[in-house]
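Number of protein chains: 4
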Amino acid sequence: MRVAVAGAMGRMGTVACEALRSANEYCCGLARAADPDREIVASLEEVLARKPDVLLDLTTQPASYEISLEAVSRGLCTVVGSSGWSAEQRAALAETAERRGVGALLVPNFSVGAMLMMRFAEAAARFFPDAEIVEMHDAKKKDKPSGTARETASRIEALTGRTTAVHSVRLPGLVAHQEIVFGGFGELLTIRHDSLTRESFVPGMLAAVHAVVSRRGLSIGLDSILQSAP
Amino acid sequence: MRVAVAGAMGRMGTVACEALRSANEYCCGLARAADPDREIVASLEEVLARKPDVLLDLTTQPASYEISLEAVSRGLCTVVGSSGWSAEQRAALAETAERRGVGALLVPNFSVGAMLMMRFAEAAARFFPDAEIVEMHDAKKKDKPSGTARETASRIEALTGRTTAVHSVRLPGLVAHQEIVFGGFGELLTIRHDSLTRESFVPGMLAAVHAVVSRRGLSIGLDSILQSAP
Amino acid sequence: MRVAVAGAMGRMGTVACEALRSANEYCCGLARAADPDREIVASLEEVLARKPDVLLDLTTQPASYEISLEAVSRGLCTVVGSSGWSAEQRAALAETAERRGVGALLVPNFSVGAMLMMRFAEAAARFFPDAEIVEMHDAKKKDKPSGTARETASRIEALTGRTTAVHSVRLPGLVAHQEIVFGGFGELLTIRHDSLTRESFVPGMLAAVHAVVSRRGLSIGLDSILQSAP
Amino acid sequence: MRVAVAGAMGRMGTVACEALRSANEYCCGLARAADPDREIVASLEEVLARKPDVLLDLTTQPASYEISLEAVSRGLCTVVGSSGWSAEQRAALAETAERRGVGALLVPNFSVGAMLMMRFAEAAARFFPDAEIVEMHDAKKKDKPSGTARETASRIEALTGRTTAVHSVRLPGLVAHQEIVFGGFGELLTIRHDSLTRESFVPGMLAAVHAVVSRRGLSIGLDSILQSAP
Chain A
20 MRVAVAGAMG
30 RMGTVACEAL
40 RSANEYCCGL
50 ARAADPDREI
60 VASLEEVLAR
70 KPDVLLDLTT
80 QPASYEISLE
90 AVSRGLCTVV
100 GSSGWSAEQR
110 AALAETAERR
120 GVGALLVPNF
130 SVGAMLMMRF
140 AEAAARFFPD
150 AEIVEMHDAK
160 KKDKPSGTAR
170 ETASRIEALT
180 GRTTAVHSVR
190 LPGLVAHQEI
200 VFGGFGELLT
210 IRHDSLTRES
220 FVPGMLAAVH
230 AVVSRRGLSI
240 GLDSILQSAP
Chain B
20 MRVAVAGAMG
30 RMGTVACEAL
40 RSANEYCCGL
50 ARAADPDREI
60 VASLEEVLAR
70 KPDVLLDLTT
80 QPASYEISLE
90 AVSRGLCTVV
100 GSSGWSAEQR
110 AALAETAERR
120 GVGALLVPNF
130 SVGAMLMMRF
140 AEAAARFFPD
150 AEIVEMHDAK
160 KKDKPSGTAR
170 ETASRIEALT
180 GRTTAVHSVR
190 LPGLVAHQEI
200 VFGGFGELLT
210 IRHDSLTRES
220 FVPGMLAAVH
230 AVVSRRGLSI
240 GLDSILQSAP
Chain C
20 MRVAVAGAMG
30 RMGTVACEAL
40 RSANEYCCGL
50 ARAADPDREI
60 VASLEEVLAR
70 KPDVLLDLTT
80 QPASYEISLE
90 AVSRGLCTVV
100 GSSGWSAEQR
110 AALAETAERR
120 GVGALLVPNF
130 SVGAMLMMRF
140 AEAAARFFPD
150 AEIVEMHDAK
160 KKDKPSGTAR
170 ETASRIEALT
180 GRTTAVHSVR
190 LPGLVAHQEI
200 VFGGFGELLT
210 IRHDSLTRES
220 FVPGMLAAVH
230 AVVSRRGLSI
240 GLDSILQSAP
Chain D
20 MRVAVAGAMG
30 RMGTVACEAL
40 RSANEYCCGL
50 ARAADPDREI
60 VASLEEVLAR
70 KPDVLLDLTT
80 QPASYEISLE
90 AVSRGLCTVV
100 GSSGWSAEQR
110 AALAETAERR
120 GVGALLVPNF
130 SVGAMLMMRF
140 AEAAARFFPD
150 AEIVEMHDAK
160 KKDKPSGTAR
170 ETASRIEALT
180 GRTTAVHSVR
190 LPGLVAHQEI
200 VFGGFGELLT
210 IRHDSLTRES
220 FVPGMLAAVH
230 AVVSRRGLSI
240 GLDSILQSAP
């Protein structure tokens, strides 16, 4: 498996390249400025010339849409690590991937732990309809509730029809934490996720890259590839 | 739905009868001494005469085996809330239930929260093979680790081949708590169950009683009936 | 030490009498209806005739004020377990206790754990001015935030001038829990109190009863007697 | 206030120099190789020539003993951030600091949160003699229990005569966490410290540097300077 990384010089890209090198799966990087020492090139043409198995697109919008659509239309399996795609953009990517017979995977959140937390929350909500969410983040995070908390609450609501209170704690020293407490008859069930370093996205990213090569068309979310895990 | 309760005067039986009365699903009780005021009779014959839909057997071994085997052989769907059944006893109950075409359900632990905790632990272990268990119980509980902790660890081992360390905390003031911490790459996923009152077994018991009437043969564990929940 | 209990038939009184009997420190009870079997009498005169060392007044307002003022004016050391005393009532009790040279102790909350939590919160706030409180109670508790959370926040504000956010979680299955998270530079300090049964007030009550006999005048709060603990 | 940092190129030293520069309290660094760009010199003579108010010694043993003893004997107030000092070495430093009339402060752990956790644990142990410690660290930490857990347990034992069980959890993804659970009568009191980044030692280090200039002789531990905090 040889992986090319678009956005190789960014915050996530740097960590991804390092992880792929450790796994002996690094093909090359794509960035605005080429850097031969780190096998970083400046155009998709040069990436294609190196014949990677997968493109991992870690750029942000609007670059993300252009790069990944072009890669898929050239027949390259692509994992896109960006959020903020419109329905129209998703449809265009899906259509192109179908037509070319290659896999495309759009993953807003690579954290395996966050994905499992949400999956467990949905399973628990079938039995314990009463829940509240406490999400805790560094004081610098100004928006509240967090995206993950909103998605968790909306998944629970979709299943049970009930709204779930979300409490947002903002303190210096916190990183990124979420706890969902389900209250039942004389018992509590709590699911908690702590994301303590930015490297936490690496295992999900590697799983996505390995999964996309056997897919056709567009899949969305880590959930779609880890559904049928052993 | 009309439910008869064997062991109606015991600790769990008392709570069960009360819960069934609240749900308007109480048929009668079975105990050593009859008590007409509470519709408690002293023989299985009298129970059968009242034509319950289900027998909920909350006696302990060895009474449990005799009562539930006899009930099933008389064609009565039965939920057994006891552990300590030998393989031979299980086989006998299974064979009788098959032959009579009625459902029998053997449930060592009625807590829905504990069942979900173990199910989630198995799911998480596929992605995070490193885990440790901290179980915390009242200082009066002398055995350690707890049965639930041992079962959790053995299920994780069956899936991953890895042993899971279990830490047993015993303090006054604790009731019954268990936490499984999964460690990944820069992230943690924690599943915690707190059982704070003895009433916590009621929802699982009601679910079992409702499920058994549409079963044939022997099923084991709450998991078997809640698997395909909506 | 021989203790008389006013409000002996109430919820707290029943637990208190039992605890005092176990400690071999029960003198008698005071309730509306006498009960010779349990050494419960119906008037303060009869209580005084039995010469207790301390009166533990567990009645509620307005009875509480009358009973304890009368007891103190008769020279009996008194511990009052009630809230809702006006400034005027406190002043009258203080004046009477001073004049008679006996101890009176007004304790709104007997929980030693809650007292330590608040004391630690004040100490931590000197070093970590950023804190948030998460208090969690059974869904039946309609008022929010809880009294303890409000008192904790107001003590922190008195010290630091900062307001502390309070998050109130209400779920079935919860009992009474509070967590104060202090956020610092790359670190967190958390103080948590779980009150799981109503018996949790007993140790603080016994400490109050033992302390009041060596006091003169009015003291308020468990903090006042446990300040200089060994 | 102008602070010189010995061990300026080390892991802690780098963070300390940065924090002091931000606080406008950086005088110079001391390291094996001088680096004029960062005002790092290679000898104590050059440090003294720049007339700092305090030396912060972040070297490790055996360098730590030599550097700080020499600094104190030359009349420079010194904060030493190292453990592993023998009783003889401590005595020599104390004697020299007394003789020269300057302050010396030996601080094995600069974390304010860890210090408060231990102080609270001692206070809680007076009321709740039953406690257990759960310390959780990254799987790379091979020694167990951690130094902080051992110190916490030994302080509780010194007060109560009871040994405190310590549970050591080692998992990838963990950083450095400790929880002390005190069990009482129907209640629990939990004190938890999470150290999530290496910067967490900075506030305690700054407090130590500010405190040492008004001391005479040797003081040990952050506790000694934060005792009488406002």
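Residue numbers (our numbering), protein chains in the order written: chain A, 20 to 249; chain B, 20 to 249; chain C, 20 to 249; chain D, 20 to 249. Just so you know, even glycine gets a beta-carbon here, dropped at the ideal spot from N, CA and C.
D149 of chain B belongs to the set of residues whose beta carbon lies under 8 Å from a beta carbon in chain D.
Taking the beta carbon of I210 of chain C as reference, the chain D residues within 9 Å of it are F139, L208, T209, I210, R211, listed in sequence order.
For D149 of chain C, the closest alpha carbon among the candidates C:V194, C:C46, C:G205 is that of C:G205.
At least one C-beta of chain D is nearer than 8 Å to the C-beta of P191 of chain B. In terms of Cβ geometry, R234 of chain B and L67 of chain B do not form a close pair [threshold 8 Å]. Closest in alpha carbon position to F201 of chain A, among C:K70, C:M155, C:F146, C:L39, is C:M155. Annotation: the continuous beta strand (DSSP E) that includes L208 of chain B extends over 206 to 214. If you check each beta-carbon in the segment 146 to 172 of chain A against every beta-carbon of chain C, the ones closer than 9 Å belong to F147, D149, A150, E151, V153, M155, D157, A158. Taking the C-beta atoms as reference points, H186 of chain D is found nearer than 8 Å to I152 of chain D. Rounded to whole angstroms, the Cβ separation of L63 of chain C and L49 of chain C is 7 Å, and the two are in contact under 8 Å.
Taking CB atoms only, S243 of chain C has no neighbour in chain D less than 8 Å away. When the five nearest sequence neighbours on each side are left out, the beta carbons in the same chain lying within less than 6 Å of the beta carbon of A116 of chain A are those of V91, A123, G236, L237, in order along the chain. Taking C-beta atoms under 8 Å as the contact rule, A140 of chain D and R174 of chain D qualify, at a distance of about 7 Å. V221 of chain C and N128 of chain C have their C-alpha atoms spaced approximately 11 Å apart.
For A144 of chain A, not one C-beta of chain B is nearer than 8 Å to its own C-beta. Judged by beta-carbon spacing, F146 of chain D lies within the 8 Å limit of V131 of chain C, meaning their Cβ atoms are closer than that value.
The beta carbon of V221 of chain C sits no closer than 8 Å to any beta carbon of chain B. Excluding the 5 residues flanking it on each side, C96 of chain A has same chain C-beta neighbours closer than 6 Å at V73, V121, G122, V231, V232, in chain order. In this structure, C:A143 is the residue among C:T209, C:D213, C:A143 with its C-alpha nearest to the C-alpha of T179 of chain C. Of the residues assessed, S41 of chain D falls on the exposed side of the cut-off, its CB having fewer than 16 other CB atoms within 10 angstroms. Per DSSP, reduced to three states, the secondary structure at G120 of chain D is coil, with no helix or strand assignment.
When C-beta distances to chain D are compared with 7 Å, the residues of the segment 124 to 135 of chain C below that value are S130, V131, G132, L135, in chain order.
Secondary structure of L63 of chain D (DSSP, three-state): helix. Under the three-state reduction of DSSP output, E44 of chain A falls in the coil class, being neither helix nor strand. Listed along the chain, the chain B residues whose CB falls inside 9 Å of the CB of G203 of chain D are L190, P191, G192. Straight through space, the alpha carbons of E198 of chain D and Y45 of chain D are spaced by roughly 36 Å.
Under the Cβ criterion of 8 Å, L74 of chain B is not counted among the residues facing chain C.
Within its own chain, the residues whose Cβ lies closer than 6 Å to the Cβ of D213 of chain A, once the five positions on either side in sequence are excluded, are H196, listed in chain order. If you ignore the 5 residues before and after E176 of chain A, its C-beta comes within less than 8 Å of the C-beta of T182, T183, all in its own chain and listed in chain order. In the displayed model, E170 of chain C falls within a helix according to three-state DSSP. Ranked by how close their Cα comes to the Cα of L225 of chain B, the residues B:P164, B:R51, B:D162, B:N43 have B:N43 in first place. In chain order, G205 make up the part of chain B whose C-beta sits under 7 Å from the C-beta of T216 of chain A.
Every beta strand (DSSP E) of 3 residues or more that sits fully in the segment 99 to 151 of chain D is shown, in chain order, as 122 to 125.
Residue pairing by DSSP puts S187 of chain C in a beta bridge opposite C:E154.
The beta-carbon distance between D157 of chain A and L193 of chain A, rounded to whole angstroms, is 5 Å. This is short enough to meet the 8 Å contact definition. The shortest CA-to-CA distance from L39 of chain A to any of A:A52, A:G223, A:S105, A:K163 is the one to A:G223.
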